[in-house]
Amino acid sequence: MARRNLSSCFFFFIILWVQLRISCSQLSSNYYSTSCPKALFTINAAVTKAVFKEHRMGASLLRLHFHDCFVNGCDASVLLDDTASFTGEKTAGPNNNSLRGFEVIDTIKSQLETLCPQVVSCADILAVAARDSVVAFGGPSWVVQLGRRDSTTASSSAANSDIPSPLMDLKDLTSAFSNKGFTSKEMVALSGAHTIGQARCMAFRARVYNDSTILSSFATSLKTNCPNTGGDDNLSPLDASPFSFDNAYFRNLVNNKGLLHSDQQLFSGDSTDSQVTTYSSNPATFHADFASAMIKMGSLSPLTGNDGQIRTKCRKIN
């Protein structure tokens, strides 16, 4: 009888341990409600201040989260500086001299470390800052799931291979998003992030001078700021209202005025045309679909529980 009771107790504790592991591995919207109740307010205040100071920063913070999640999941690996033991993601092709906003994340992390030392992860800061940046430009809000932990390494090779290129055709774009578990509809919705921000000349020069699917008058206007040679870092807005999270991006595509080759591929006589048309005439539908897709993106392979760490500084492991 004693042995049976002992076995029953052992079985009970195994079940309890498994349940605890499962609960610890799940993200939660109220993850910091007790451990750091001012976390979301602190992030929002810092993002609002940064965007007010420089409007372009909103798009930069959104892009940081995207480029983080597409490389081995939402683990803040994109924030790590190079070390003697590994080459990080900052200098990978899609990111080098292109990603911005690191100083804003540093400021937020410093403030949170003062409030709640080693509690709020850098990965969660990126996720919340992306949402707050969209809201700052009049876009939709969504409930950010929290509880991610930070990676202790980064992968330059994965950044080079996994992040979609502005030169991609629709087939390759669809494949890149499908590899992360997204449908073509979700791909189009997430691409709508390009309704804010700007792009460098080097990212759209080939389209301006070579593509046949660009409105000629639009191409002509872009050439004044993007010469055939030189001016690689000259900026042009991704749509007509780069500081408003609206559906102008999709209206541009319908009129063959997408800035990037990859943008216009979404409306090029193929399977995604109807989705673009829907968003071009219905901003509410775009906002709802974008918010849903962002929640899904924020759940890409997060580190939770005992995995990873909570960095004290986002640029380096503890």
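Numbering (mature numbering (1 follows the signal peptide of the UniProt record, and there is no 0)), first residue to last: -25 to -1, 1 to 293. Every residue, glycine too, gets a C-beta built ideally from N, C-alpha and C.
Assuming residue 290 and residue 56 form a contact by the criterion Cβ under 8 Å, report the distance between their Cβ atoms to the nearest whole angstrom.
For the purposes of this step, residue 290 is identified with residue 315 of the sequence shown, where counting begins at 1. For the purposes of this step, residue 56 is identified with residue 81 of the sequence shown, where counting begins at 1. Residue 290 to residue 56, Cβ: 5 Å. Contact.
Helix or strand or just coil, what does DSSP make of residue 155?
Residue 155 sits at position 180 when you count from the first residue of the sequence shown. Looking at residue 155 - three-state DSSP - the assignment turns out to be coil, as it is neither helix nor strand.
Under 7 Å between the Cβ atoms of residue 44 and residue 95?
Residue 44 sits at position 69 when you count from the first residue of the sequence shown. Residue 95 sits at position 120 when you count from the first residue of the sequence shown. Against a cut-off of 7 Å, the Cβ pair of residue 95 and residue 44 comes out as no contact.
Test item: CB-CB of residue 53 and residue 137 under 7 Å:
Against the sequence shown, residue 53 aligns to sequence position 78. Against the sequence shown, residue 137 aligns to sequence position 162. No, these two residues do not count as a Cβ contact at 7 Å.
Residue 91 versus 164, 14 and 31, residue with shortest Cα-Cα distance
Sequence index remark: in the sequence shown, residue 91 carries index 116 (1-based). Answer by Cα proximity: 14.
Buried or exposed: residue 183, going by 16 or more other Cβ atoms within 10 Å of its Cβ?
Taking the sequence shown and counting its residues from 1, one reaches residue 183 at position 208. So residue 183 ends up on the buried side.
Where residue -5 falls, given that 16 or more other Cβ within 10 Å makes a residue buried:
Walking along the sequence shown from the start, residue -5 turns up at place 21. Confidence is the limiting factor: at residue -5 the pLDDT is only 39, short of 50, which leaves the residue's position unreliable and the question unanswerable from this model.
Evaluate residue 279 with the Cβ neighbour count: other Cβ atoms within 10 Å of its Cβ, from every protein chain shown; 16 or more gives buried, anything less gives exposed.
To locate residue 279, count along the sequence shown from 1; it is residue 304. With 16 or more Cβ atoms within 10 Å of its Cβ, residue 279 is classed as buried.
Any contact between the stretch 79 to 87 and the stretch 156 to 173? By contact I mean 3 or more CB pairs, one from each, below 8 Å.
no
Residue nearest to residue 229 in terms of C-alpha spacing, selected from 199, 217, 256 and 206
Taking the first residue of the sequence shown as 1, we reach residue 229 at position 254. Checking every option, the nearest Cα to that of residue 229 belongs to 256.
Suppose the cutoff is 6 Å on Cβ atoms and the five residues either side in sequence are ignored; what does the same chain contact list for residue 35 look like?
By one-based count along the sequence shown, residue 35 stands at place 60. Around residue 35: 75 and 76.
For the beta strand (DSSP E) that residue 174 lies in, which residues bound it at each end?
The sequence position of residue 174 within the sequence shown is 199, counting from 1. Its beta strand (DSSP E) spans residues 173 to 175.
Among 32, 212, 218 and 180, the one whose alpha carbon lies nearest that of residue 201:
Working through the sequence shown from its first residue, we reach residue 201 at position 226. Residue 180 is the option with its Cα nearest to residue 201.
Inter-residue Cα distance where the pair is residue 152 and residue 251
The sequence position of residue 152 within the sequence shown is 177, counting from 1. The sequence position of residue 251 within the sequence shown is 276, counting from 1. Roughly 17 Å separates the two Cα atoms.
According to DSSP, is residue 125 part of a helix, a strand, or is it coil?
In the sequence shown, counting from the first residue as 1, residue 125 sits at position 150. If DSSP states are grouped into helix, strand and coil, residue 125 belongs with the strands.
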